[in-house]
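**Student:** Here you go, one structure.
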Amino acid sequence: MSTFLLDFLRRCPITGYKAGQVLLSHSDNNKNCRDPHEFCKQVEKLVSKALKERSLRELDISALLSEMFALVAKYRVYLDSSFTSVVLSVLVLEGFGRSLDPDLDLFQCARPYLLNMV
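Per the UniProt record's numbering, the very first residue in the sequence shown carries number 1; after that it's consecutive.
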């Protein structure tokens, strides 16, 4: 069973490569990026891997975001501090929530709020 967010992401016209370009365009100093093309290709691989999951329950959000931070560090992409704060908050919230309930699906819980935003 697929969730709203995964369905939305699968239908969304943005590609993983384009997501990498968006990250670079919002970077405080994207001139420091070691290899922008390779960074975008790696983001594309990460997005493709995430979208192969059948549901968000099967997707390890923490691992995915950690991989994204590893890419950002490797290629020296500087992220906006507010974006970084949100990502770190999601990591902490997911870890805390899963320690209380291993079957917790944060996106399923957030679905009503996401629907109101769309």
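C-beta atoms are modelled at their ideal positions from N, C-alpha and C, and glycine is treated no differently.
1. Is it right to say V47 is buried, meaning 16 or more other beta carbons lie within 10 angstroms of its own, or is it exposed?
2. Beta-carbon separation of G16 and S62 under 9 Å?
3. List in chain order: all unbroken alpha helix (DSSP H) runs of 4+ residues lying wholly within the stretch 23–100.
4. Alpha carbon to alpha carbon, what distance is there between S85 and D103?
5. Are the beta-carbon atoms belonging to G20 and K41 less than 9 Å from one another?
**Tutor:** Put simply:
1. Locating residue 47 in the sequence shown gives position 47, counting from the first residue. Classification of V47: buried, given that the 10 Å Cβ count is 16 or more.
2. For the purposes of this step, residue 16 is identified with residue 16 of the sequence shown, where counting begins at 1. For the purposes of this step, residue 62 is identified with residue 62 of the sequence shown, where counting begins at 1. No, the pair does not count as a contact, with Cβ atoms beyond the cut-off.
3. 36–51, 61–74 and 81–100
4. Counting from 1 along the sequence shown, the entry for residue 103 is found at position 103. Counting from 1 along the sequence shown, the entry for residue 85 is found at position 85. For D103 and S85, the distance between alpha carbons rounds to 25 Å.
5. The count along the sequence shown starts at 1 and reaches residue 20 at position 20. The count along the sequence shown starts at 1 and reaches residue 41 at position 41. Going by C-beta atoms, G20 is nearer than 9 Å to K41.
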